[in-house]
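Here the structure is laid out as structure tokens; the discussion comes afterwards.
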Amino acid sequence: MANIINRVGGKLKKVTRKVQKKFNSRGLILMYHSIGEEASDAWSLRVRPKHFEEHMEVFRKLGHPLSLSELYKSIQAGEVPDRSITITFDDGYYNNLQLGKPILEKYDVPATVFVTTSFVEHGLSYWWDELEYALMSPGQLPDQLTLRLNGNEHHWDLNSAATFTEEQAKKENLPRPWLGEEGTRCHFHFSVWAALQDYLPAEQRALVKQVVDWAGIPTPELKEPFRPMTPEELHILEKDNLVSIGAHTVHHPMLGRHSAEIQSREILQSKEYLETVLNHPVKHFAYPFGNYNDDTEGILEKGDFDCACSTQQEAVWKKSERYFLPRMEATDLSGEEMEETLETLFKC
Ligand SMILES: [Zn+2]
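Note that the sequence shown covers residues 499 to 846 in the numbering used here.
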């Protein structure tokens, strides 16, 4: 019985919250990753520069661009300006500076870039891009892949996925890699990526190297805009104060799958690194993959972060919790499509 009462009580709370939200002003936090023309984009992370500029035009026309610090302050004051729009970027791609910042400046739209620090510190390309380059480039791959590390073994029979023509590459350019049907290259790529997720960073890098060597592709030549920024470029990015920098862990793990100790290291060391490089406090955080567990919030509090962004796809309002600010994913929509979806998003 207590269970039924709890369940009914929980449902009522949800409904009440929905009704309350309906009559309260709301804003949106948008999550971008990368700006570029690259054709291969297995994760739908890239927005073409032309579309990014159209988005900014739409935001100026239909909303009120607001920085993450301003949004945080207004939530603390118990109010979110209606139709406020807050732009964020995850990971720290160089194209955020090269292609994104000039457009942000043109429309005077503030943004926060969440940086994964090990890639910046060591000048390494993002391992998921290397994996995508090795597995999703058109061409023939061997029939079988076996990865071995520390006594673990992963094996794949590629069968029909060994062949990947230009036509198939176009056809399999799906919005999400997990949507690929079994036997397709897209499905194989996702399966290898998922197997690597459970490893520690150094192990992931060793495994990606095994995949790259097996695929017979020399060190992937990722195009310039898709590399991480250097520490000097982080300075240039935040010069003039239109763009601010937040932390996004050291290695980009799924935090919720790790111990509190590893999470602490990942979160606090990324903050410390950025504060040393930038010489000022870093107060904002974004969870890689939007993933966390019961230990994570306490670590953010201990690290004296003001707020953190999740990937919960809904609008932000005055009662949004500061360590779980919802964020909408921004994809490569045209300005017109963005205008249409913006109206829907404000109602979420
Ligand atoms: Zn990320």
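All residues carry an ideal CB built from backbone N, CA and C; glycine is no exception.
Whose C-beta lies closer than 6 Å to the C-beta of residue i among residues of the same chain, with five residues either side of it excluded?
i: THR839; result: none
i: PRO726; result: GLY590, PHE617 and VAL618
i: HIS653; result: THR644
i: VAL748; result: THR615, SER616, GLU764, GLN767 and SER768
i: ARG558; result: TYR605
i: ASN791; result: GLY754
Do residue i and ligand 1 come close, with the Cβ less than 7 Å from some heavy atom?
i: PRO786; result: yes
i: THR586; result: no
i: ASP627; result: no
i: THR614; result: yes
i: ASP606; result: no
i: HIS782; result: no
i: HIS746; result: yes
i: ASP793; result: no
i: ASP539; result: no
i: HIS749; result: no
i: ASP589; result: yes
Is residue i helix, strand or coil by DSSP?
i: ASP738; result: helix
i: TRP676; result: helix
i: GLY744; result: strand
i: ASN504; result: Unreliable positioning characterises ASN504 in this predicted model, as indicated by a pLDDT of 48, which lies under 50. The coordinate reading is nonetheless provided below. Of the three classes helix, strand and coil, the one that applies to ASN504 here is helix, per DSSP.
i: TYR821; result: coil
i: TRP908; result: Because the chain spans 499 through 846 in this model, residue 908 falls outside it and cannot be assessed.
i: HIS562; result: strand
i: TRP541; result: coil
i: ALA659; result: helix
i: ASP711; result: helix
i: PRO726; result: strand
i: HIS653; result: strand
i: LEU510; result: For LEU510, the predicted structure reports a pLDDT of 49, less than 50, and the residue's modelled location is therefore unreliable. A value from the coordinates is still provided. Helix at LEU510.
i: GLY788; result: helix
i: LEU526; result: strand
Output needed for residue i: all residues of its chain with C-beta closer than 8 Å, excluding positions within five of it in sequence on either side, in chain order.
i: PRO636; result: PHE662, THR663, GLU664, GLN666 and ALA667
i: VAL556; result: GLY833, MET836, GLU837 and LEU840
i: ALA659; result: LEU639, GLY681, THR682, ARG683, HIS685 and PHE686
i: GLU819; result: none
Could you pull the start and end residues of the beta strand (DSSP E) that residue i belongs to?
i: GLN642; result: 642 to 647
i: VAL775; result: Premise fails: VAL775 lies in the alpha helix (DSSP H), 758 to 776, not in any beta strand (DSSP E).
i: VAL613; result: 609 to 613
i: THR809; result: Run containing THR809: none; DSSP gives neither H nor E here.
Near residue i, which residues of its chain fall below 7 Å by C-beta distance, leaving aside the five closest residues on each side in sequence?
i: LEU535; result: Per the sequence presented here, residue 535 reads as Glu, with Leu not at that position. Around GLU535: ARG546.
i: ASP580; result: SER523 and ARG524
i: VAL582; result: Note that residue 582 corresponds to Ser in the displayed sequence, not to Val. Contacts found: GLY525, GLY561, HIS562, LEU564 and LEU569.
i: SER532; result: LEU543, ARG544, TYR591, ASN593 and PHE724
Taking the continuous alpha helix (DSSP H) assigned at residue i, which residues delimit it?
i: ILE601; result: 599 to 605
i: GLU535; result: Unbroken run through GLU535: none, as it is neither H nor E.
i: PHE686; result: 683 to 695
i: ALA575; result: Per DSSP, ALA575 belongs to no alpha helix (DSSP H) and is neither H nor E.
i: THR584; result: From DSSP, THR584 is part of no alpha helix (DSSP H) but of the beta strand (DSSP E) over 582 to 589.
i: PHE783; result: No alpha helix (DSSP H) contains PHE783, which is instead part of the beta strand (DSSP E) from 782 to 784.
i: LEU840; result: 833 to 844
i: LEU798; result: 794 to 800
i: GLN666; result: 664 to 669
* Asked: Counting pairs of Cβ atoms below 8 Å between the stretch 529 to 541 and the stretch 622 to 638, do you hit three or more?
  -> yes
* State whether the stretch 775 to 792 contacts the stretch 809 to 819, with contact taken as three or more CB pairs (one from each stretch) at a distance under 8 Å. => yes
* How do the stretch 730 to 746 and the stretch 606 to 614 stand: do at least 3 beta-carbon pairs fall below 8 Å, yes or no? -> yes
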